[in-house]
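Before any comments, here is the structure.
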Ligand code: CP
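Following this line, the structure appears as structure tokens:
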């Protein structure tokens, strides 16, 4: 594996889950693997978990990490080829990626979509440009359409908390005040397709995800029906895919409440808006596993880094 850009690269998910759980038992087992190596973490967008868990994973492997908040601290990068750079961009991706490759042995990249032009977002032009022009491995720390480190984490967490061989997992759309990307939901759907689970997506009409990703997964427009007998409810908002990047009016209340949860475990990638996406009593109750889920971000990142270092 030269780069880690998509959850689709994981051929044997069970093996990866077991390898991550082995790392979790003894996070310092490979403390010398990354000695004298450096990871550069580039953020075009905000982060708490991805930033710190990837740094922690790198530290556990003996690596140094450098964080650059690209949009706030670096020169604005031009991604178009052959453009006359007399506008706001000061540095071309060709130089930026090549220079970063001199300082870093691995580069992590977070670049959200604009959610205006679907074709442009789906082209993954930022992630692909870094893969093209950098000479070191690239890790996707959430791109326009995917968040594979989060999805691997989610698979590890479900595997840890399931109490039956084939649990029912529901990905439920929830309300939000902002226009949010599809990346977390996309990667979660792709991951559930690889797991032995009874998987249902619940979303209001007008909020179906990309059909090329959901394929033949059951989509239920009645949340109450979808969550019946659920073992895990994964709450997540996303903006409309069909009416790209828009917020559509939804009549019924899709916020996750204690009454809806019954005995299901509650999952969310975080950050989460309390009493908009989910009510306090769920997050503060015994069936919320969001903190354990966030803890697993370190071991997912560490497994990916380990594989990239071993490949090189
Ligand atoms: N879940 C997640 O990626 O969190 P951050 O945006 O804080 O990194």
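Numbering (my numbering), first residue to last: 282 to 593. All C-beta atoms in this analysis are idealised placements derived from N, C-alpha and C, irrespective of residue type, glycine included.
Check: residue i C-beta below 8 Å from any heavy atom of the ligand CP
i	result
residue 583	no
residue 462	no
residue 431	yes
residue 331	yes
residue 396	no
residue 423	yes
residue 550	yes
residue 428	yes
residue 465	yes
residue 533	no
residue 527	no
residue 468	no
residue 328	yes
residue 578	yes
Distance between residue j and residue i (C-alpha atoms, nearest Å)
i	j	result
residue 428	residue 434	10 Å
residue 514	residue 545	6 Å
residue 492	residue 313	44 Å
residue 406	residue 430	19 Å
residue 304	residue 310	7 Å
residue 529	residue 486	9 Å
residue 559	residue 567	14 Å
residue 572	residue 376	39 Å
residue 589	residue 415	15 Å
residue 480	residue 432	14 Å
residue 445	residue 294	18 Å
Assigned exposure category for residue i - 16 Cβ within 10 Å defines buried
i	result
residue 556	exposed
residue 404	exposed
residue 510	exposed
residue 402	buried
residue 488	buried
residue 317	exposed
residue 282	exposed
residue 583	buried
residue 425	buried
residue 592	exposed
residue 384	exposed
residue 389	buried
residue 422	buried
residue 357	exposed
residue 512	buried
residue 315	buried
residue 408	buried
residue 359	buried
residue 368	exposed
residue 301	buried
is_contact[residue i, chain B] using C-beta, thresh 9 Å
i	result
residue 551	The structure shown contains no chain B; it is built from a single protein chain.
Contact belief for residue i with residue j at Cβ below 8 Å, rounded distance in angstroms
i	j	result
residue 472	residue 288	5 Å
residue 437	residue 450	Their Cβ separation, rounded to whole angstroms, is 14 Å, which puts residue 437 and residue 450 out of contact at 8 Å.
residue 420	residue 411	About 10 Å; that fails the 8 Å criterion.
residue 378	residue 586	The Cβ separation is near 19 Å, so there is no contact.
Paired residues, beta bridge with residue i - DSSP
i	result
residue 390	323, 421
residue 500	482
residue 346	320
residue 443	Its beta-bridge partners do not exist; DSSP assigns none.
residue 569	547
residue 517	454
residue 373	359
residue 537	559
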